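Trainee: Taking this note's numbering, the leading residue of the sequence shown gets 185, the next gets one more, and so forth. Note that CB positions come from ideal geometry on N, CA and C, so glycine has one too. Quick caveat, the model's predicted, so the values are computed rather than measured.
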Amino acid sequence: GPGYKIKCELDGENQFHDRGVLSMAHAGRNTGGSQFFICHSRRNTAHLDRQHTCFGKVYEGLEVIDAIRQGDVIEKIVITEE
Numbered sequence: 185g186p187g188y189k190i191k192c193e194l195d196g197e198n199q200f201h202d203r204g205v206l207s208m209a210h211a212g213r214n215t216g217g218s219q220f221f222i223c224h225s226r227r228n229t230a231h232l233d234r235q236h237t238c239f240g241k242v243y244e245g246l247e248v249i250d251a252i253r254q255g256d257v258i259e260k261i262v263i264t265e266e
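Written out as structure tokens, the structure is:
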């Protein structure tokens, strides 16, 4: 892990794992760090609601999410500042 732990934030109206939601991965309550996941659909995600912190949502480029498959490998990442 990254050497620190982030507490879960599970209150509020936006803690539902709908399509495009970004959520914190963890190994148990209050153990979040640097890993996250993106929900492909609402199907089979109800068990995550109010268990994993939702912190963002993809609104544009959903077709990129649709193209992601299990086992895909990131070949290159370019970070640019605007």
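Give the C-beta separation of Leu246 and Gly204 to the nearest angstrom, bearing in mind that I take them to be a contact with Cβ-Cβ under 8 Å.
Mentor: Right, the Cβ-Cβ distance comes to about 6 Å (below 8 Å), so this counts as a contact.
Trainee: Please name the residue or residues paired with Val205 in a DSSP beta bridge.
Mentor: Val205 is bridged to Lys241.
Trainee: State the start and end residues of the unbroken beta strand (DSSP E) segment that holds Ile222.
Mentor: Here the beta strand (DSSP E) through Ile222 covers Phe220 to Ile222.
Trainee: Taking the Cβ atom as the reference point for each residue, do Leu275 and Val242 lie within a distance shorter than 9 Å?
Mentor: Nothing can be reported for residue 275, as the shown portion of the chain is limited to 185 through 266.
Trainee: Could you tell me which of Cys238, Phe221 and Gly217 sits nearest to Gly196, measuring between CA atoms?
Mentor: Of the listed residues, the one whose Cα sits closest to Gly196 is Cys238.
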